[in-house]
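Everything in the sequence shown is counted per our numbering, starting at 15 for the first residue and increasing by one. Here's the structure we're looking at; comments come further down.
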Amino acid sequence: MPIAPGLAEVLADAHLRNGYGPVAGSPQARAAAAGWFTGRGLSTEPGQILFAPGSKPLLFALLAALGGDVVLPCPSWVSYAAQAALLGRRIISVPIPAEAGGIPDPELLEQALRQAVASGARPRPCKPWPPTP
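What follows is the structure in structure tokens.
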């Protein structure tokens with residue numbers, strides 16, 4: 015089977031780079047990503063950039079680091095509830111009616127949170143909850 019032109023040379027040169035790279039990503043990649051954000055009006059330094067193998071491992075790490083029960087829209091991506099379960103977290107399901115077009119209803123969210131807290135759930139809000147009038 016023929017090999018694409020230049021592929022053999024690239025692979026032969028790659029034998030010297032056979033170890034793991036930096037966990038957060040190479041300095042060159044982090045600088046390029048920071049430049050991309052900065053070029054779009056969001057001043058970013060390479061130290062603010064973290065590369066990862068995808069969103070699922072990052073979300074799992076975030077769930078593990080933050081603690082508390084997990085509020086999930088229903089329906090949601092199948093792995094989110096599984097990740098929460100692996101960490102022993104209760105899932106607070108918030109229904110999203112089909113007619114809502116995937117947009118969470120703030121009233122249904124508030125209702126689900128009140129019921130969950132009343133039954134002992136511990137969601138981790140960004141702001142104090144329940145809100146004060």
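Each residue gets a CB set at the ideal place from its N, CA and C atoms; glycine is no exception. Please read all numbers here as calculations on a predicted model, not as lab measurements.
Which residue wins for smallest C-alpha separation from residue i, given the options the options?
i: P111; options: P87, G35 and G39; result: P87
i: G102; options: Y34, R136, Q125 and I63; result: R136
i: A95; options: F74, G115, A114 and P36; result: F74
i: F65; options: A79, G82, T52 and Q42; result: Q42
i: V131; options: I106, I17 and P60; result: I106
For my contact list, residue i and residue j are in at a C-beta cut-off of 8 Å; report their separation, rounded to the angstrom.
i: L77; j: V85; result: About 11 Å separates the two Cβ atoms, so there is no contact after all.
i: P67; j: A48; result: Between A48 and P67 the Cβ distance is about 20 Å, and since that is not below 8 Å, they are no contact.
i: L72; j: R138; result: Incorrect: roughly 17 Å between the Cβ atoms, too far for contact.
i: L127; j: P109; result: In fact, because the Cβ distance is near 13 Å, the residues do not count as touching under 8 Å.
i: G39; j: I63; result: 7 Å
Looking at the structure shown, is residue i part of a helix, part of a strand, or coil, going by DSSP?
i: P60; result: helix
i: V37; result: coil
i: G49; result: helix
i: A78; result: helix
i: R31; result: coil
i: P71; result: helix
i: A18; result: coil
i: R44; result: helix
For the alpha helix (DSSP H) holding residue i, just list the boundary residues, first then last.
i: P87; result: Here P87 belongs to no alpha helix (DSSP H); instead the beta strand (DSSP E) covers V84 to C88.
i: A66; result: Per DSSP, A66 belongs to no alpha helix (DSSP H) and is neither H nor E.
i: L21; result: L21 to A28
Complete runs of the alpha helix (DSSP H) confined to the stretch 92-136 [at least 4 residues]
With a minimum length of 4 residues, the continuous alpha helix (DSSP H) runs that stay inside the stretch 92-136 are 92-100 and 120-132.
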